[in-house]
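According to the working numbering, the sequence shown is numbered sequentially starting from 500.
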Amino acid sequence: MWSPEPEPKFKIAPRDLSELTTLSRHKSHLLSQITQIKNCLENVDSPLNQAGPKNKLALLSKIKGKIDVLQNERYRVLSDEELPNFESNLDKMEEDADNLESSLDSHNQNWYERS
Numbered sequence: 500m501w502s503p504e505p506e507p508k509f510k511i512a513p514r515d516l517s518e519l520t521t522l523s524r525h526k527s528h529l530l531s532q533i534t535q536i537k538n539c540l541e542n543v544d545s546p547l548n549q550a551g552p553k554n555k556l557a558l559l560s561k562i563k564g565k566i567d568v569l570q571n572e573r574y575r576v577l578s579d580e581e582l583p584n585f586e587s588n589l590d591k592m593e594e595d596a597d598n599l600e601s602s603l604d605s606h607n608q609n610w611y612e613r614s
């Protein structure tokens with residue numbers, strides 16, 4: 500005898516899969532950029548280290564702006580169940596970007612004092 504499928508525990512908001520994919524890819528790309536800058540600060544021989552602190556600060560500023568865009572988009576794309584994990588990741592990325600910005604600011608002052 501046929502019985503209907505049990506109702507799922509969580510109702511997932513309808514969405515376009517490509518929007519979710521795009522949101523995840525943007526988040527991953529920004530995380531990658533933050534990691535590159537962090538690694539660059541830790542590794543003096545890094546090719547990115549030659550760019551100078553001013554360029555890295557400009558890049559971090561752009562990254563933080565893109566994180567803000569992702570924060571606005573998340574409500575439109577993600578379900579209520581997916582939001583906490585995504586928000587936690589964005590908060591961590593924003594915190595890392597702020598810490599890097601502070602490090603670069605102090606590194607920038609030291610760099611100009613030596614020049």
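Beta carbons: idealized from backbone N, C-alpha and C, even for Gly. Predicted, not measured: the structure shown is a model, and the values here were computed from it.
Between the segment 518-535 and the segment 581-596, the count of C-beta pairs closer than 8 Å reaches three or more; the two stretches touch.
Under the three-state reduction of DSSP output, Asp604 falls in the helix class. Distance from the CA atom of Asn584 to the CA atom of Tyr574, rounded to whole angstroms, is 13 Å. For the options Leu519, Leu540 and Thr520, the alpha carbon positioned closest to that of Asn598 is the one of Leu540. For the segment 537-596, there is no continuous beta strand (DSSP E) assignment of 3+ residues that stays within its boundaries.
Leu582 sits exposed, since fewer than 16 C-beta atoms from the chains shown fall within 10 Å of its C-beta.
Between Leu558 and Ile536, the C-beta gap is smaller than 9 Å, which places the two residues in contact. Around the Cβ of Val568, a 10 Å sphere holds fewer than 16 other Cβ atoms; the residue is exposed. Asn588 has its alpha-carbon roughly 13 Å from the corresponding atom of Ile533. The C-alpha of Glu580 is placed about 11 Å away from the C-alpha of Glu586.
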